[in-house]
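Peer 1: I have a structure I would like to understand better, so I am pasting it below and will then ask my questions one at a time.
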Amino acid sequence: MTTPQDLFLVSLDVPGDHPVEAGDLSLALAGAELIDLLGARALTLDGERIVPGPVLTTGDRMLDEAGAALVRKEPYETVEDWLWRRGEGLATAYRDVLDTGGQLSGKRHRWPHRADRAAAADTPARRHAADRWWSREPVLTGLAATLGIQGERPPEEEPGDEAVVTVLLAVGDAVTELGAVRERRRIENAAFDNIWRAP
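What follows is the structure, given as structure tokens:
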């Protein structure tokens, strides 16, 4: 299982401070993909710029798609730009992949099946994500924290890799920015409604 898959399942199974927004989850999943690709040495970071390495086959379709989507021309893409570009619709894509493989409901679907809410099932993927969560693995808990999902205790250690920390910080900033955009739209919509309701 990959970090994005584990993060998606944690977002379903672990209660947070508030329901996880699909846009926030998509940004965090894009960050999780970067972290796994860093671990596979498919890329490095030069400051905040993503420097692609050789095209690798990881054995996971979504990670391979992410690796193929890396910008391979200088000056290369920043982590922030990657999160916004790759993250678009990513939560839905991961839900469909996991659901089709039977990892959400325990039942395989021949074609992508879209359910509004996945029924919890004891699947290998869910067990793996739960084991990683309850062991307080720092990368997974760091990504989950950006979504408002906190554990009962802090992780045993902080991510030691500077590049991983850079990605985690960028995810946190992007989720905060998206939250601010949502709040601004809510205020604007409320003001617009009030104008129309005014006598």
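If you count the sequence shown from 1, position 181 lands on 415 in this note's numbering, and the numbers rise without skipping. In this text, a Cβ means the ideal position worked out from N, Cα and C, and glycines have one as well.
Within this structure, are the beta carbons of Gly-287 and Arg-275 separated by less than 8 Å?
Peer 2: The answer is yes: Cβ separation under 8 Å.
Peer 1: Can you tell me whether Val-244 is buried or exposed, with buried defined as 16 or more other CB within 10 angstroms of its CB?
Peer 2: Looking at its Cβ environment, which holds 16 or more other Cβ atoms inside 10 Å, Val-244 is buried.
Peer 1: Among Asp-407, Ala-302 and His-362, which residue has its Cα nearest to the Cα of Thr-437?
Peer 2: Because the chain in this structure spans residues 235 to 433, residue 437 falls outside the shown range and cannot be described.
Peer 1: Report the start-end ranges of each alpha helix (DSSP H) in the stretch 250 to 305 that is 4 residues or longer and not cut off at the edges.
Peer 2: Correct list: 256 to 273 and 295 to 302.
Peer 1: Taking all protein chains shown into account, decide if Glu-267 is buried (16 or more other Cβ within 10 angstroms of its Cβ) or exposed.
Peer 2: Result: buried.
Peer 1: At the level of alpha carbons, what is the spacing between Val-289 and Glu-299?
Peer 2: Distance between the alpha carbons of Val-289 and Glu-299: 10 Å.
Peer 1: Could you tell me the distance, in whole angstroms, from the CA atom of Met-235 to the CA atom of His-362?
Peer 2: Rounded to the nearest angstrom, the two C-alpha atoms are 7 Å apart.
Peer 1: For Asp-251 and Gln-384, I'd like the C-alpha separation in whole angstroms.
Peer 2: Cα-Cα distance, rounded: 8 Å.
Peer 1: Tell me, which residues are paired with Glu-311 by DSSP?
Peer 2: Ile-284, per the DSSP bridge assignment.
Peer 1: Evaluate Gly-293 with the Cβ neighbour count: other Cβ atoms within 10 Å of its Cβ, from every protein chain shown; 16 or more gives buried, anything less gives exposed.
Peer 2: Exposed is the call here.
Peer 1: Does any C-beta atom of chain C lie closer than 8 Å to the C-beta of Thr-237?
Peer 2: Checking the listed chains, one finds no chain C in this structure; it contains a single protein chain.
Peer 1: For Ile-429, which three-state DSSP category applies?
Peer 2: If DSSP states are grouped into helix, strand and coil, Ile-429 belongs with the helices.
Peer 1: Thinking Ile-284 and Glu-311 are a contact (beta carbons under 8 Å), I'd like their distance in whole angstroms, please.
Peer 2: Contact holds; Cβ gap of about 5 Å.
Peer 1: Is the beta carbon of Ala-256 sitting closer than 8 Å to the one on Val-405?
Peer 2: No, the Cβ-Cβ distance between Ala-256 and Val-405 is not below 8 Å.
Peer 1: Whose C-alpha, out of Met-296, Ala-359 and Ser-260, is nearest the C-alpha of Arg-319?
Peer 2: Out of Met-296, Ala-359 and Ser-260, Ser-260 has the C-alpha closest to the C-alpha of Arg-319.
Peer 1: Just to confirm, is the Cβ distance from Thr-278 to Ala-397 under 8 Å?
Peer 2: Result yes, Cβ atoms of Thr-278 and Ala-397 sit closer than 8 Å.
Peer 1: Please state the DSSP three-state secondary structure of Glu-422.
Peer 2: Helix.
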